[in-house]
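Peer 1:
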Amino acid sequence: MKNLLKTTLLLALLAVSSASYSDDIKILLKPYSYKQKSLVFSTNEAEKVDLSIYNVYDGVLYKESIKSEKPVTKVYNLDSFPEGHYIVKLVRKDKTIEYEVKITRDKALVSAPYVSK
Numbered sequence: 001m002k003n004l005l006k007t008t009l010l011l012a013l014l015a016v017s018s019a020s021y022s023d024d025i026k027i028l029l030k031p032y033s034y035k036q037k038s039l040v041f042s043t044n045e046a047e048k049v050d051l052s053i054y055n056v057y058d059g060v061l062y063k064e065s066i067k068s069e070k071p072v073t074k075v076y077n078l079d080s081f082p083e084g085h086y087i088v089k090l091v092r093k094d095k096t097i098e099y100e101v102k103i104t105r106d107k108a109l110v111s112a113p114y115v116s117k
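With the working numbering applied, the sequence shown corresponds to residues 1 to 117, in that order.
This is the structure we're talking about:
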């Protein structure tokens with residue numbers, strides 16, 4: 001019970017920090033729900049974003065170019081990814097945003113964003 005409470009608190013803090021930080025960067029990546037291996041990508045303005053998921057051993061595992069003329073939200077199912085650590089990299093014209101994603105048996109945990117120009 002304590003573990004569940006700690007994990008829930010940690011996820012809530014990560015979601016709040018990612019959401020508050022995203023006001024500046026206008027892009028958000030978060031877990032879809034507590035018990036799923038899925039991620040939600042959303043942007044609140046029209047733009048072009050290159051999304052890639054990779055790990056240190058295999059390099060790029062998934063790549064997509066997202067072009068939108070309005071705000072967009074997409075859900076990515078990670079059930080086919082084995083347990084481990086991954087990096088989700090979002091590149092737009094003026095910024096690169098990276099998230100570390102830890103996939104466990106039944107969920108995906110997302111770190112706070114790391115932004116570089």
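The beta-carbon is built from N, C-alpha and C at its ideal position, and this holds for glycine as well.
(1) Pick helix, strand or coil for residue 78, following the three-state DSSP scheme.
(2) Ignore the nearest five residues each way along the sequence and tell me which others in residue 103's own chain have a CB closer than 7 Å to its CB.
(3) When we look at the beta-carbon of residue 76 and count the other beta-carbons within 10 Å, is it buried (16 or more) or exposed?
(4) Note the first and the last residue of the continuous beta strand (DSSP E) segment covering residue 83.
(5) Only counting runs of 3 or more residues, tell me where the beta strand (DSSP E) segments fall wholly within the stretch 33-76, in order along the chain.
(6) What does the Cβ neighbour count give for residue 99, buried or exposed, with the cut at 16 atoms within 10 Å?
(7) Can you pull the DSSP bridge partners for residue 116?
Peer 2: In short:
(1) If DSSP states are grouped into helix, strand and coil, residue 78 belongs with coil.
(2) Taken in chain order, the residues that qualify are 37, 78, 81, 83, 84 and 86.
(3) Under this definition residue 76 is a buried residue.
(4) That residue, residue 83, is in no beta strand (DSSP E); it is neither H nor E in DSSP.
(5) For the stretch 33-76, whole beta strand (DSSP E) runs of length 3 or above, ordered along the chain, are 38-43, 48-55 and 59-67.
(6) In this structure residue 99 is buried. Its beta-carbon is surrounded by 16 or more other beta-carbon atoms within 10 angstroms.
(7) For residue 116, which the question treats as bridged, DSSP gives the partners 96.
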